[in-house]
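Position one of the sequence shown corresponds to residue 5 (this note's numbering), numbered consecutively onward.
Using N, Cα and C, we set each Cβ at its ideal position, and we do this for glycine too.
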Amino acid sequence: MLLSSLIPQLLPPSPATVPRAVALPARQYVCLRVTVPGDAPHAVRRQLHALLGDTLGLYIVRHDARRKAVTVDLELPHADVDAVVGALLRGLPRATLGRITPLSTSHKRAHALLH
5 MLLSSLIPQL LPPSPATVPR AVALPARQYV CLRVTVPGDA PHAVRRQLHA
55 LLGDTLGLYI VRHDARRKAV TVDLELPHAD VDAVVGALLR GLPRATLGRI
105 TPLSTSHKRA HALLH
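Listed below in structure tokens is the structure:
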């Protein structure tokens, strides 16, 4: 007791004096696969940028020349799914939208490192 009153800076702070960090909800990311018929991956990429603008985040484009199709895997926040699907349906009417799959924690960490 005497020691703690003489040298308070040597002792760890009491839990009541330590400020608590506010827990923020983690953003949930999902992957949406979009397949567009054609042989022009650069044109599809430009269309995606024009349609989605700042909503467009990380994506992977694959061109299958044999099937004449361009496949794009879009990584997006779960909260943006409705807006993105609406924009894709309006802007890419021939596109096939695939299933929406949640991304694992490792994908979220990788996304955080990229941004």
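Point to revise | Whole-angstrom distance between Tyr63 and Asp108, CA atom to CA atom | key: On the sequence shown, residue 108 is found 104 positions in, with the first residue counted as 1. On the sequence shown, residue 63 is found 59 positions in, with the first residue counted as 1. It should be pointed out that residue 108 corresponds to Ser in this sequence rather than to Asp. Taking the straight line joining both Cα atoms gives about 16 Å.
Practice item. Report, in whole angstroms, the separation of the C-beta atoms of Gly102 and Gln51, which I expect to be a contact under 8 Å. Key: Taking the first residue of the sequence shown as position 1, residue 102 is located at position 98. Taking the first residue of the sequence shown as position 1, residue 51 is located at position 47. Rounded, the Cβ-Cβ distance is 17 Å, inconsistent with contact.
Practice item. Look at the Cβ atom of Val48, then the Cβ atom of Val74, and state whether they are nearer than 7 Å. Key: Taking the first residue of the sequence shown as 1, we reach residue 48 at position 44. Taking the first residue of the sequence shown as 1, we reach residue 74 at position 70. Contact: yes.
Point to revise | Sequence-distant residues of the same chain with beta carbon closer than 7 Å to Thr105, five excluded per side | key: Here the question's residue 105 lines up with position 101 in the sequence shown. Here the set comprises Val34 and Cys35.
Point to revise | First and last residue of the uninterrupted beta strand (DSSP E) at Leu93 | key: Within the sequence shown, the letter at position 89 stands for residue 93. Element bounds for Leu93: not the beta strand (DSSP E) but the alpha helix (DSSP H), Val85 to Gly95.
Review point. If we ignore side chains and look at the alpha-carbon of each, how far apart do His53 and Thr59 end up?
Key: Counting from 1 along the sequence shown, the entry for residue 53 is found at position 49. Counting from 1 along the sequence shown, the entry for residue 59 is found at position 55. If I take the Cα positions, the gap works out to 9 Å.
Exercise for review: Report the rounded CA-to-CA distance for Pro97 versus Arg70, giving the unit in angstroms.
Suggested key: Translated into positions along the sequence shown, residue 97 becomes position 93. Translated into positions along the sequence shown, residue 70 becomes position 66. Their Cα atoms are separated by approximately 22 Å.
Check your understanding: Nearest-angstrom Cα distance between Pro81 and Leu55?
Key -> Position 77 of the sequence shown holds residue 81. Position 51 of the sequence shown holds residue 55. Approximately 16 Å between the Cα atoms of the pair.
**Study point:** Start-to-end residues for the alpha helix (DSSP H) that takes in Arg103
**Key:** Numbered from its first residue, the sequence shown carries residue 103 at position 99. It is not in any alpha helix (DSSP H) - Arg103 instead sits in the beta strand (DSSP E) that spans Thr100 to Pro106.
Exercise for review: State the start and end residues of the unbroken beta strand (DSSP E) segment that holds His67.
Suggested key: Translated into positions along the sequence shown, residue 67 becomes position 63. Run containing His67: Tyr63 to Asp68, per the beta strand (DSSP E) assignment.
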